[in-house]
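Numbering (this note's numbering), first residue to last: 532 to 700.
Have a look at the structure below before the remarks.
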């Protein structure tokens, strides 16, 4: 099934994601991603040539790839009105595929709704400057870390927050 929005007639690379075909312009992937650029170089495909086979991204979710393409192909050049979840998808794929400029854009645009979410993102995507503010906010908020939250954090963060909260009381 072709994607209704991201299947361009002049596209020169086709990705298969969750049973959906996306035909887009390889230029963005070659220019901005170390990983894709290297892959294309190894395959000997020149920028102006169509990529002869479908590239299966079996471990990528359609919603994540759509959010990623929404940034590459903006509907509005004045602003990017992506949701928190969409920015999270962009951060995930741009980090994974080494799209440095898109990763920086995602980091400057995403607004984690809670200190807990900020800490999860900081740890998952190596955003060191977010760790201390997130930990501080978790230590000083009114309610303690919940069991559900603790299960998602690493043990060091759980112990640190609990210790600091205990010392503050």
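Glycine included, each C-beta is placed from N, C-alpha and C at the ideal position.
query, result
"Three CB pairs or more closer than 8 angstroms across the stretch 589-603 and the stretch 621-636", "yes"
"Alpha carbon of residue 617 to alpha carbon of residue 566, nearest angstrom", "22 angstroms"
"Endpoints, beta strand (DSSP E) assigned at residue 595", "Not the beta strand (DSSP E): residue 595 falls in the alpha helix (DSSP H), residues 593-603."
"Nearest-angstrom Cα separation, counted from residue 561 out to residue 647", "35 angstroms"
"Exposed unless 16 or more other CB atoms sit within 10 angstroms - verdict on residue 595", "buried"
"Check whether residue 665 and residue 649 have beta carbons under 8 angstroms apart", "yes"
"Residue 712 vs residue 630 beta-carbon contact at 8 angstroms", "The structure shown does not extend to residue 712, since the chain is modelled only from 532 to 700, so the question has no answer here."
"Outcome for residue 688 when other beta-carbon atoms lying within 10 angstroms are tallied against a minimum of 16", "buried"
"Local Cβ density within 10 Å of residue 694, reported as buried at 16 or more and exposed below that", "exposed"
"Helix, strand or coil at residue 540 according to DSSP, with G and I counted as helix", "coil"
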